[in-house]
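Take 1 as the starting number for the sequence shown in the UniProt record's numbering and just add one per residue.
The block underneath contains the structure these notes are about, expressed in C-alpha cells.
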Amino acid sequence: MKTPVLLLGASVIFWGWQTGLWIFALPIALILEASHFIDWRWDFSAYDVRRITDLCIIVFFLSFVYILLENRSIYFIYHLLQWLPCIFFPLIVAQSYSINDHIDIHNQFFILKKVHNEHNFKSVTVNLNYFYLAICILSSSCANNRDNYFYFGMFLITSVALWFVRSKRFPFINWFILILLAGNIGFIGHLGLHQLHLTVEERVVEWLANTSGQYIDPLNKQTNIGEIGLLKMSNDILFRVASRAQLTSPLLLREATYNKYQSSDWLASSPDFTSIQPESNGTTWHLANKPAHSSTVSISTRLNNGKGLLKLADGTFQIDELPVNSMERNKYGTVKVEGNFDAIAYQIHFEPSLSLDKPPTENDLQIPKQEKPALNQVISQIDILGKSPEQILPRVETFFQKNFSYSLKLAGKGEYSTPISKFLLKTRSGHCEYFATATTLLLRAVGIPARYAVGYSVHEFSPLENQYVVRSRHAHAWTLAYVGGKWQVIDTTPADWTTLEDATAPKWALISDLWSFLIFKISACFRYIRHSNLFKHVWWLLFLLIFIVMRILNREKLLLHRSKKRTLSKTLATNVANKTPSEFYIIEKVLNELGLSRQPSESLKKWIERLKQELHTSDLIEELTSIIELYYRHRFDPQGIEESETARLKSSVKSWLDKYHQRRI
C-alpha cells in the first residue's frame with residue numbers, strides 16, 4: 001500500500017523544520033513527492049536494491065563513527081538520529097521510483113539473507129514508506145526544541161496516516177473521538193515524560209561532569225583538598241594550541257575564577273554574567289580595546305553538548321573565528337559560550353599586562369576563621385606583616401619554592417583543623433590546588449586582595465602535530481593578586497610539577513596520541529567543510545550526482561510506466577477485453593467497500609486467512625481460499641496454468657461475484 005500523496009513529503013518537511021536541516025529536507029521532500037506525478041520507473045533487481053542498502057549501511061556506520069568522535073559524549077546518539085532521513089534516503093527513493101513498491105527485506109541484510117537461504121523461508125516484502133515516516137518523526141524528536149509544536153505536528157501526521165488505513169466498518173465519528181482521546185492522553189504523558197527527562201538529564205550531566213573532571217562549573221569548584229589517596233589524572237589530549245612563535249615559558253589559559261573559600265571548595269559569589277555581541281561577521285568578539293602590542297594563539301577544543309567555558313590567556317581582548325550563538329562574561333573574567341557544535345577552533349589576541357577583570361571587593365579579602373591560626377604562624381615565620389605588596393610577593397614565592405614540594409599524594413587533614421593548615425605547617429607537600437589555595441589565603445591575610453583561578457598550563461610541544469597539546473593532567477590552579485591597580489598571576493606551585501606529571505604518562509601514550517591526532521585532523525576537515533560555502537551547495541550537487549549515476553548504471557533498465565492509478569485502470573480494461581482472470585481485483589474492491597481492507601504489506605493469502613478468523617461464519621470467505629491458490633499460480637508460476645484452469649479460475653471468480661450480489665456477507 002502506497003502512502004497518500006504529500007504525507008511522506010509533509011513528514012520530511014516536519015523533520016527539516018524541527019531540526020533546522022531545511023537544506024536537506026526540501027529536496028528530499030520534492031524528490032519523494034514527485035514520484036506520484038512522474039510516470040517513468042526503474043526496474044531494479046534484488047541485487048541493485050541490496051547495493052543501495054549496503055550504501056546506506058556504510059554511510060550509517062561512517063556517520064556513527066564521525067558523530068561519536070565529534071561529540072564524545074552520550075549525546076552523540078541524538079545527533080546521529082537526526083540524520084537518519086538523509087542516511088536512508090537512497091533506499092526510500094529507490095523504492096519510490098521502482099516498478100515494485102515493495103522491498104524484500106530478507107535479501108537486504110547479510111544475516112537475514114543467510115537465514116533465509118539456510119531455512120528456505122518465503123520472501124518477506126514490505127513497503128518502506130511508513131517506516132521512513134516513522135524515522136522522520138523519530139529524528140524530529142531528537143532536536144528537542146522544548147515546545148509543543150513537535151507533539152502537535154507528530155499527532156497531525158500520525159492521524160492522517162491512520163486515517164487512510166482505518167477500518168470502514170466503524171463510523172467516522174467513533175474513529176475521530178478515539179483519536180482525539182488518544183492524542184490528549186498522549187499529550188499529558190508527553191508533558192510528564194518531558195519533565196522527567198529534564199530531571200534525569202540534569203542528574204546524569206552532573207554525574208558525568210564530576211566523574212570526567214573536564215567540566216568546569218563557573219560558580220563552584222570542588223577541589224581534592226583534604227582527600228586521602230593518590231590523585232590520578234588522565235593522559236588524554238583535551239585541546240591543542242598553535243602559536244606563531246615558540247613559547248619561552250608555559251602559557252596559562254584560564255577557564256574560571258573564584259573568590260570565596262569554604263569547606264575546601266571555591267565559589268564565585270554574584271557572578272552576574274553579561275552578554276557580549278559579536279561583530280557583523282558573527283565570529284569576531286571584542287572584550288576590550290586593542291593595545292599597541294599583543295600576542296596571538298589558536299585554540300582547538302571541544303564544548304560539552306554545545307556549551308562550555310572558553311580557555312583564555314590573561315589580557316585577552318579579542319576572539320576571532322569563533323562561530324557560536326552566544327557569549328557571556330562575568331566580572332571575574334570567566335567567559336561562557338553556547339553554540340550548535342561541540343568541536344570549535346578560535347583565535348585569541350592577548351596582552352598579559354592588561355587587567356580586564358573587575359576590581360576587588362570585600363569578598364576578595366575574606367578568610368575562614370579556622371584557617372587563620374596557621375596563616376598567622378606562616379606570616380610571622382617569613383616576616384611579611386606590614387610590608388608593601390612589592391616586598392610581600394617575592395617572599396611568598398620564595399617561601400613556597402624553597403620549603404615545599406609537589407606531590408600527587410592526598411594526605412587528608414590528620415590532627416590539624418584543616419587540610420591547608422596541615423599543608424602549611426607539617427607536610428609542605430601537595431598538588432597545585434593546595435599551593436593556589438594557600439597562596440590566595442596567605443595574601444589575603446596580609447591585606448592583598450586575591451582570587452583563585454583554574455585552567456591549564458600550555459607547555460608540551462608535539463613535533464608530530466607542530467603545535468602544543470594540552471592533556472587532562474595539565475590542569476592547573478594559581479592565584480590572581482590585585483597589586484598596583486591590576487590583577488597579576490602568582491603561581492607558587494614548584495616548577496618541576498610538569499616533570500612529575502609527565503612521568504605518570506603510560507607507555508602506550510604514543511599510540512593514543514597518534515589516534516587522537518588522526519581524529520583531530522578528520523574533525524578539522526569536517527569543520528572546514530561545515531563552515532565554508534561549499535557546505536551550502538555540496539548536497540545539491542550530491543543529489544544531482546546520485547541521479548546521474550543511477551541513469552548511467554540503469555539506463556537499460558529504465559522503463560516507462562504510467563501512474564499506478566492509470567496503469568491499474570488500463571490493466572483492468574485490457575484484462576476484461578482479453579478475458580483474463582483479473583476480475584479478482586473486483587473481489588478485492590468489494591471487500592474494501594465492506595471495511596475489510598487489506599493491511600499494508602499483507603499478502604492476499606494472509607488477508608483471507610485473517611478474514612476467515614474474524615468472519616468464521618461466512619462461506620463466501622471460505623470459497624476465496626481455492627480461488628487465491630489458483631490465482632497465485634496464474635500470476636506467479638513461471639510455467640503458467642492450462643487453458644482449462646484459466647477458464648475454471650474465471651468461472652470461480654464470476655460465481656463468487658454472483659453470490660455476493662445475491663446476498664450480503
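Cβ atoms here follow ideal geometry from the backbone N, Cα and C, with glycine treated the same way.
Quantities reported herein were computed from a predicted structural model and do not represent experimental measurements.
Near Y416, which residues of its chain fall below 6 Å by C-beta distance, leaving aside the five closest residues on each side in sequence? One-based indexing of the sequence shown puts residue 416 at position 416. So the qualifying residues of the chain are K422.
Write down every uninterrupted run of the alpha helix (DSSP H) in the stretch 399 to 441 whose length is 4 residues or greater and which is fully enclosed by it, in chain order. 419 to 422
Got a sec, what are the start and stop residues for the alpha helix (DSSP H) Q347 sits in? By 1-based counting over the sequence shown, the position of residue 347 is 347. Counting along the chain, Q347 falls outside any alpha helix (DSSP H), though it belongs to the beta strand (DSSP E) covering A343 to F350.
Less than 9 Å separating the beta-carbons of V454 and E328? On the sequence shown, residue 454 is found 454 positions in, with the first residue counted as 1. On the sequence shown, residue 328 is found 328 positions in, with the first residue counted as 1. Going by C-beta atoms, V454 is not nearer than 9 Å to E328.
Helix, strand or coil for E622, going by three-state DSSP, please let me know. Within the sequence shown, residue 622 is the residue found at index 622, counting from 1. E622 falls in the helix class under three-state DSSP.
Taking L162 as the reference, give the member of Q599, S380, I31 and P463 with the closest Cα. For the purposes of this step, residue 162 is identified with residue 162 of the sequence shown, where counting begins at 1. Ranking the options by Cα distance to L162, first place goes to Q599.
Rounded C-alpha distance that separates Y660 from I177: Here residue 660 refers to the residue found at position 660 of the sequence shown. Here residue 177 refers to the residue found at position 177 of the sequence shown. C-alpha separation (whole angstroms): 33 Å.
Inspect the CB distances between the stretch 305 to 315 and the stretch 335 to 347 and report whether three or more fall short of 8 Å. yes
Under the three-state reduction of DSSP, which class applies to R451: helix, strand or coil? By one-based count along the sequence shown, residue 451 stands at place 451. If DSSP states are grouped into helix, strand and coil, R451 belongs with the strands.
Per DSSP, which one or two residues make a beta bridge with K589? For the purposes of this step, residue 589 is taken as residue 589 along the sequence shown, with counting starting at 1. Looking at the DSSP assignment, K589 forms no beta bridge with any residue, so it has no partner.
Out of V470, K331, I185 and P85, point me to the one whose CA is closest to L251's CA. By one-based count along the sequence shown, residue 251 stands at place 251. The shortest C-alpha separation from L251 is found at V470.
Given a cut-off of 9 Å on the beta-carbon distance, is the pair S601 and T3 in contact? Stepping through the sequence shown from its first residue, residue 601 is reached at position 601. Stepping through the sequence shown from its first residue, residue 3 is reached at position 3. Cβ distance not < 9 Å, so S601 and T3 don't count as in contact.
Relative to the C-alpha of S275, which candidate in S597, D39 and V324 has its C-alpha closest? Translated into the one-based positions of the sequence shown, residue 275 becomes position 275. It is V324.
Go through its chain and collect everything with a Cβ distance to R169's Cβ below 8 Å, but skip five positions before and after it. Walking along the sequence shown from the start, residue 169 turns up at place 169. Closer than 8 Å at Cβ, skipping near neighbours: L594, G595 and L596.
Check the DSSP bridge columns for Y258 and list the partner residues they point to. The residue you call residue 258 lines up with position 258 of the sequence shown. DSSP lists Y452 as partners of Y258.
If you check the beta carbons only, do K442 and L375 fall under 9 Å apart? For this step, residue 442 is matched to residue 442 along the sequence shown. For this step, residue 375 is matched to residue 375 along the sequence shown. For clarity, residue 442 is Leu in the given sequence; the question names Lys instead. It is a contact, given that the beta carbons lie within the stated cut-off.
For the ligand COA, I want to know if G186 counts as a neighbour, meaning its beta carbon is within less than 8 Å of at least one of the ligand's heavy atoms. Inclusion of the ligand COA in the displayed structure is not the case, the ligand content being empty and no account of it being possible.
Quick one: what does DSSP say D39 is sitting in, helix, strand or coil? Counted from its first residue, the sequence shown places residue 39 at position 39. Coil, per DSSP.
T286 by DSSP, collapsed to three states: which one? Numbered from its first residue, the sequence shown carries residue 286 at position 286. Reading off the sequence shown, one finds His at residue 286, where the question assumed Thr. Reduced to three states, the DSSP call for H286 is strand.
By alpha-carbon positions, which one of G447, P360 and W83 ends up nearest to Q391? Here the question's residue 391 lines up with position 391 in the sequence shown. The candidate whose alpha carbon is nearest that of Q391 is G447.
Between the stretch 260 to 275 and the stretch 485 to 503, are three or more C-beta pairs nearer than 8 Å? no
Could you tell me if V5 is buried or exposed, where buried requires 16 or more neighbouring beta carbons within 10 angstroms of its beta carbon? For this step, residue 5 is matched to residue 5 along the sequence shown. It counts as exposed.
Can you give the beta carbon distance from V241 to Y482, rounded, assuming they're within the 8 Å contact cut? Here residue 241 is taken as the residue at index 241 of the sequence shown, counted from 1. Here residue 482 is taken as the residue at index 482 of the sequence shown, counted from 1. V241 to Y482, Cβ: 27 Å. No contact.
P22 - DSSP class collapsed to helix/strand/coil: For the purposes of this step, residue 22 is identified with residue 22 of the sequence shown, where counting begins at 1. The sequence given here has Trp at residue 22, not Pro. Helix.
Inspect the beta-carbon positions of S652 and E623 and report whether they are closer than 9 Å. Residue 652 sits at position 652 when you count from the first residue of the sequence shown. Residue 623 sits at position 623 when you count from the first residue of the sequence shown. It is a contact, given that the beta carbons lie within the stated cut-off.
For Y149, does the count of other Cβ atoms within 10 angstroms reach 16, so buried, or fall short, so exposed? Taking the sequence shown and counting its residues from 1, the one referred to as residue 149 is at position 149. Exposed, because fewer than 16 other Cβ atoms sit within 10 Å of the Cβ of Y149.
Residue from D39, L604, Y66 and I641 with nearest C-alpha to I628: The count along the sequence shown starts at 1 and reaches residue 628 at position 628. Measuring from the Cα of I628, the nearest candidate turns out to be L604.
DSSP state of A292, grouped into three classes? Working through the sequence shown from its first residue, we reach residue 292 at position 292. A292: coil per DSSP, three-state reduction.
Out of E614, H349, N259 and F239, which one is the CA nearest neighbour of H286? For this step, residue 286 is matched to residue 286 along the sequence shown. Comparing Cα-Cα distances from H286 to each of E614, H349, N259 and F239, the minimum goes to H349.
Could you check where the beta strand (DSSP E) with Y482 kicks off and where it finishes? Mapped onto the sequence shown, residue 482 falls at position 482. Residues A475 to V483.
Among T199, Q18, F44 and N340, nearest to H102 - alpha-carbon criterion: Taking the sequence shown and counting its residues from 1, the one referred to as residue 102 is at position 102. Nearest C-alpha to H102: F44.
Return helix, strand or coil for I490, following the three-state DSSP convention. Within the sequence shown, the letter at position 490 stands for residue 490. It is a strand residue.
In terms of alpha-carbon separation, which member of I344, E588, D314 and Y151 lies closest to E321? Walking along the sequence shown from the start, residue 321 turns up at place 321. Residue I344 is the option with its Cα nearest to E321.
Just checking my contact of W42 with Y97 at CB under 8 Å: how many whole Å lie between their CB atoms? In the sequence shown, residue 42 corresponds to position 42, counting from 1. In the sequence shown, residue 97 corresponds to position 97, counting from 1. That pair is a contact at about 6 Å.
According to DSSP, is A134 part of a helix, a strand, or is it coil? The count along the sequence shown starts at 1 and reaches residue 134 at position 134. A134 falls in the helix class under three-state DSSP.
For D48 and K579, the rounded distance between their alpha carbons: Sequence index remark: in the sequence shown, residue 579 carries index 579 (1-based). Sequence index remark: in the sequence shown, residue 48 carries index 48 (1-based). Residue placement at K579 is poorly supported in this model, since its pLDDT is 42, which falls under 50; the coordinates are not used for a value here.
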